[in-house]
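A.B. asks: Going down the list, the protein sequences come from chains A and B. Numbered per our numbering, the first sequence spans residues 35 to 568. Numbered per our numbering, the second sequence spans residues 35 to 568. Using N, Cα and C, we set each Cβ at its ideal position, and we do this for glycine too. Bear in mind the structure is a predicted one, so any value in this text is a computation, not a measurement.
There are 2 protein chains.
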Amino acid sequence: MKKAGGDYEKNLAGVSRREMLKIMGAGAICTLLPGARHGESSEGFSTSGGEGLIFLVGDGMPLGVIKGMHQIRTKVYGEKGTNFYARMKDPNSMVGYMSTDSLSSIVTDSAPASVTWSTGVKTLNRVMASLPDGRPLKTIMELVKEQGYACGLVTTTRVTHATPAAWVSHQLQRDAEDEIAMDYLKFKPEVLMGGGSRFFDPSRRKDKSDLFKAFADSGYDVVSEKAHLLSSETLSSSKSLLGVFSSSHMSYYLDRIHQPELSKKQPSLPEMTRIALQKVSKNPKGFVLQVEAGRIDHANHSNDAWAAILDTFELDLTLAVIEEYLKFNPKTLVIVTSDHGNAGWGVNGTGPEYNDSTEALKKYQPIKASFEVIKGRLKKENSLSEIKDIFEHFTTFRITDEEASMIQAAMQPDFKPFHGDYVIQPDAVMGMILAHSLYAKKSDGGRVAQVRRGNVGFTSTNHTGEDQILLSYGYKANQLGLNRHVDNTYLFTAMCKYFGIQYQNPTMTEEEAKPFIKTASLEEWRRHMELHIA
Amino acid sequence: MKKAGGDYEKNLAGVSRREMLKIMGAGAICTLLPGARHGESSEGFSTSGGEGLIFLVGDGMPLGVIKGMHQIRTKVYGEKGTNFYARMKDPNSMVGYMSTDSLSSIVTDSAPASVTWSTGVKTLNRVMASLPDGRPLKTIMELVKEQGYACGLVTTTRVTHATPAAWVSHQLQRDAEDEIAMDYLKFKPEVLMGGGSRFFDPSRRKDKSDLFKAFADSGYDVVSEKAHLLSSETLSSSKSLLGVFSSSHMSYYLDRIHQPELSKKQPSLPEMTRIALQKVSKNPKGFVLQVEAGRIDHANHSNDAWAAILDTFELDLTLAVIEEYLKFNPKTLVIVTSDHGNAGWGVNGTGPEYNDSTEALKKYQPIKASFEVIKGRLKKENSLSEIKDIFEHFTTFRITDEEASMIQAAMQPDFKPFHGDYVIQPDAVMGMILAHSLYAKKSDGGRVAQVRRGNVGFTSTNHTGEDQILLSYGYKANQLGLNRHVDNTYLFTAMCKYFGIQYQNPTMTEEEAKPFIKTASLEEWRRHMELHIA
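Listed below in structure tokens is the structure:
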């Protein structure tokens, strides 16, 4: 099986394992490539007769972070390319743009965005697969399941989060995650993997139900550890699979790389995708598998450039697994997209003539933890020197007293950000500090960079309204009209067309929806956002 | 000719003149549609036998501002659509993405970006059509001119600015605009229109040459007023045309709409494009016409959302002129793109559930002047109340003392921006204030929006590194490989292919180029940036 391992490596767009180890640190490559590790890269990827659809979402993954990931790997690590760009440049790929407006707003949240894909219908922000007046909408997963296809949902967020849930659940409120877990139990997808054990665990659920037991009783293998997921017992089982590997969201890829106890427990997105494909492809009719790199969004809300880049890197490595799968199963359509922009992610031109831009982007590389981890270590009572020590420990950058004061201020409950929309704190302040080099005045009145830091800028800590990338390839890709600008609702149409299904959900106009808009108060929204990304 | 006028209106993606008048104010529509005004919409647009290429550039026009323009018109003004999106959605259009890295940086400036298009070669930031070591590169305009095609360059910047100039000039420094004007005189494009009379005027040029006279002596019609440009004398002339309508850049579309003396003197981009097409299409062999909406870039450097939206609107209206031209001349290829990102332009989700996003975007509409004009009225000695009055006069927003202090501080020479890269001031501060609603604390601890303002955020006042939109349609568009991700250098290849030209310029690697990088000092760069956008 040595050769298969070699092929696998080639799939990583020319990235050798050696290079990967250099980039990600020892252990990372093993974490990523279980097949290669075991010399079993093609395990389970036998040819199936069915028609498959892999729908890969980078949540809140605007154009900027995709390019940032590509630039880091090609310009900083000297790799030959990325899987994402290899497919974007392939003459056989379909490349397009997608608008993301929801029914209530030119800026969507993940719930109605995912509903447009699953039902072809626009609804209100925060609503699952239902019209604003409560009428449930039939989803693509319900439609294909009726016809005997297998269904799988894989994410790095809680499995009960909006993007996967909107393909199954009809809750009117995305935060009803206890209920969404129950909706999964009723729907019975063949594969369900991600985080969010608190919505399955009887000691954490409001109704005290033991959903792990309920899934097991319904014929599921239930796993909560990576080793168990990757065991031959799980692989060879013909049961459906529930894998829940963390209480809330799974950890950022950045943190899994740097904390062995996390990567020991939590599988990577490529690993979960590999197992999911092995499972759902056993269905002779075919399958729909949604795979979500769900925390690119969270990193962008936090203005955490390096966590966002690495979670996007993990999406790119997931594309390598899919490439390998396609070799054995050419009757598979792959759609890759993002649900909305987030925080206007941009690599800013840096220094005179922008000639320091590459050097500045390199400065994120030594960062050893996400803001989520750093924030977990900071306390609002910290002294400036404590803040400076903690920040330096994780980022290598020794910040000034003034900058430490900014972080300290941003942790206080009455903090008023300079930009009104930079509300997620102290994350946004840390993001700004990391994107800010320190200059000294020269005797001639000019300035010289004393300390070079990074250069990723953000427009806010909120989603943004611009169009998103749309990439599709594989079986029938050239027959679906995805090679142009489409509305997000069109993806439902394209998926129905792929499966030969004719179905039209009811719709509501913006005007008809207005009476049903019950916008949360600012405080409720703040609590939602805390729940959302934490 | 009533019917032709009607057709013209339909070309505006369903925007009636009545709606246009409502949107842009009386006078705007007449400014825009000279053909319709005179009942002569098809004048000059007879069918020519040649092969035409229209290369339309939105300089520094990232995805966000295109969408912002579309959202303003569809969601705020209730228009049915935009020309840009009509073509993006057309199954016959080719839609792709383009990377923009220069030889020296992952963030390009407009000079090497335009050089990639004109020569297929990457060079250093700020260099015209030459390799870093000074070897000149042959441009697409030189290649087609040799074969007898007509060449035209139209822009809203100084005609000597980087984007048009890089298709003709081989200067090693884009700021050598005196020399670039001379290069045009040698090259003799059939049409050259935009701003920048100071590089033609003997009283302003370093060498005191009268380039207006020199162009006239070389057989050009030389015009400097809109009325003269649109006169039947100019239209019927078979001479080449030099039109220079302002000392530096032409005014922002926003300012031309609101200041009759500006729109009296300066033609609009659609008007210049119409005349240019009438001229260059007379060549029986065909033509290359570059048209640039060149100040979207400047507005974005200034974080001036409304000026950027309206200059992008003007680009969209230019597409309507091109639509009309295509009806008579189907043997025309149209390429629409942008040279680089700028300032991470993003419509931020606003308010709880982002449901205030549309309302917030509407708040830019009453703004009556660009930051260029507002800044021209502000003085660093202004009192806070003077600053508040001036800002309110142009924007309708009464800002707080604290906000006025921020503007005041940003006008002082020793100002240190919170973000190191928000260097263009007080523009960036004004942009932040306009994107910042004012909230009051409620008795329950929550907040309520007291004053709703806009919601366009920026990542810096610099260019950004993400990929740009690439749209092409018309003659042979489906044969050029532009329906995927391409490097910016590929556009030269595609244009050569279109004209059946085989040509390969020499190239240098990044490593070979390094000894030739003579990055400006920060102070030189600051002076360049001042010259650049002012």
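#1: Answer with yes or no whether the minimum CB distance from A:Arg518 to chain B is below 8 Å.
#2: Using a threshold of 8 Å, state whether the C-beta atoms of A:Leu412 and A:Ile424 are closer than that.
#3: Identify whether A:Tyr119 lies in helix, strand or coil by the three-state DSSP scheme.
#4: Beta-carbon within less than 6 Å of B:Phe321's beta-carbon, same chain only, minus the 5 sequence neighbours each way: which residues are those?
#5: So, is A:Asn126 buried or exposed, given that buried needs 16 or more other C-beta atoms within 10 angstroms?
#6: In chain order, which continuous runs of the alpha helix (DSSP H) of length 4 or greater are located wholly inside the region 357–403 of chain A?
#7: Is any beta-carbon of chain A found at less than 8 Å from that of B:Tyr119?
#8: Would A:Gly499 and B:Gln105 be called neighbours here (beta carbons separated by less than 8 Å)?
#9: Just to confirm, are A:Val193 and A:Val278 a CB contact at a threshold of 8 Å?
#10: Between A:Met122 and chain B, is any beta-carbon pair separated by less than 8 Å?
#11: Between A:Ser391 and chain B, is any beta-carbon pair separated by less than 8 Å?
#12: Measure the CB-CB distance between A:Thr352 and A:Pro301 and report whether it falls below 8 Å.
#13: Only counting runs of 3 or more residues, tell me where the beta strand (DSSP E) segments fall wholly within the region 141–196 of chain B, in order along the chain.
#14: Can you tell me the Cβ-Cβ gap for B:Leu263 and B:Gln312, rounded? I've got them flagged as a contact below 8 Å.
#15: Quick one: measure Cβ to Cβ for B:Leu367 and B:Tyr537, integer angstroms, because I've assumed they're closer than 8 Å.
#16: Within 10 Å of its beta-carbon, does B:Thr543 have 16 or more other beta-carbons around it, so buried, or fewer, so exposed?
#17: When the distance is taken between beta carbons, is A:Asn512 closer than 8 Å to A:Met132?
#18: Can you tell me where the alpha helix (DSSP H) with B:Glu295 in it begins and where it stops?
#19: So does the region 199–207 of chain A actually touch the region 329–343 of chain A, counting three or more Cβ pairs closer than 8 Å?
#20: For a quick check, are the C-beta atoms of B:Val155 and B:Leu165 less than 8 Å apart?
#21: Pick out whichever of B:Gly385, B:Ala377, B:Val520 has its Cα sitting closest to the Cα of B:Asp461.
#22: Give me the Cα-Cα distance between A:Gly73 and A:Ser272, rounded to the nearest whole angstrom.
#23: Start and end of the beta strand (DSSP E) containing A:Phe492?
#24: For A:Gln459, does the three-state DSSP call read helix, strand or coil?
#25: Report yes or no: is there a C-beta of chain A within less than 8 Å of the C-beta of B:Arg432?
#26: Any beta-carbon of chain A closer than 8 Å to the one on B:His497?
#27: Would you mind telling me which residues of chain A sit closer than 8 Å to B:Ala554, beta carbon to beta carbon, in chain order?
#28: Between B:Arg561 and chain A, is there a C-beta pair that is closer than 8 Å?
#29: If you measure from the beta carbon of B:Asn512 to each beta carbon in chain A, is any gap under 8 Å?
#30: Between B:Ala341 and B:Tyr286, which are expected to be in contact by the criterion C-beta below 8 Å, what is the C-beta distance as a whole number of angstroms?
#31: Please identify the residue among A:Leu323, A:Ser266, A:Ser139, A:Asn159 whose C-alpha is closest to the C-alpha of A:Val225.
#32: At a CB-CB cut-off below 8 Å, which residues of chain B make contact with A:Val381?
#33: According to a CB-to-CB cut-off of less than 9 Å, which residues of the region 155–169 of chain A neighbour chain B?
#34: So is A:Ile551 in contact with chain B if we call contact Cβ pairs under 8 Å?
#35: Along the beta strand (DSSP E) that carries A:Ile571, what are the first and last residues, could you check?
#36: Select from A:Glu357, A:Glu176, A:Gly488, A:Phe431 the residue whose C-alpha is nearest the C-alpha of A:Asn117.
C.D. replies: Considering the structure as presented:
#1: Among the CB atoms of chain B, one or more fall inside 8 Å of the CB of A:Arg518.
#2: yes
#3: helix
#4: Gly86, Tyr183, Ala184, Val314
#5: It counts as exposed.
#6: Counting whole runs of 4 or more residues, the region 357–403 of chain A contains the alpha helix (DSSP H) stretches 391–396.
#7: yes
#8: Yes, they are a contact pair.
#9: The criterion of a C-beta distance shorter than 8 Å is satisfied by A:Val193 and A:Val278.
#10: yes
#11: yes
#12: No, they are not a contact pair.
#13: 184–192
#14: The pair is not a contact, with the Cβ atoms about 11 Å apart (cut-off 8 Å).
#15: Not quite, the Cβ-Cβ distance comes to about 18 Å (not below 8 Å), so this is no contact.
#16: exposed
#17: It is not a contact, given that the beta carbons lie outside the stated cut-off.
#18: 294–299
#19: no
#20: yes
#21: B:Ala377
#22: Because A:Gly73 sits at a pLDDT of 31, beneath the cut-off of 50, its placement in the model cannot be relied upon, and the following sentence gives the value as read from the coordinates. Whole-angstrom Cα-Cα distance: 23 Å.
#23: Element bounds for A:Phe492: n/a, residue is neither H nor E.
#24: coil
#25: no
#26: Chain A, which has a Cβ nearer than 8 Å to the Cβ of B:His497, makes this yes.
#27: Pro386, Glu387
#28: Not one chain A Cβ lies under 8 Å of B:Arg561.
#29: no
#30: 5 Å
#31: For the residues A:Leu323, A:Ser266, A:Ser139, A:Asn159, the minimum Cα distance to A:Val225 belongs to A:Leu323.
#32: Those are Ile140, Val141, Thr498, Gly499, Glu500, listed as they occur along chain B.
#33: Using a CB distance below 9 Å, the part of the region 155–169 of chain A facing chain B consists of Leu158, Asn159, Arg160, ordered along the chain.
#34: yes
#35: Absent from the structure is residue 571 of chain A, since the part of chain A shown begins at 35 and ends at 568.
#36: A:Glu357
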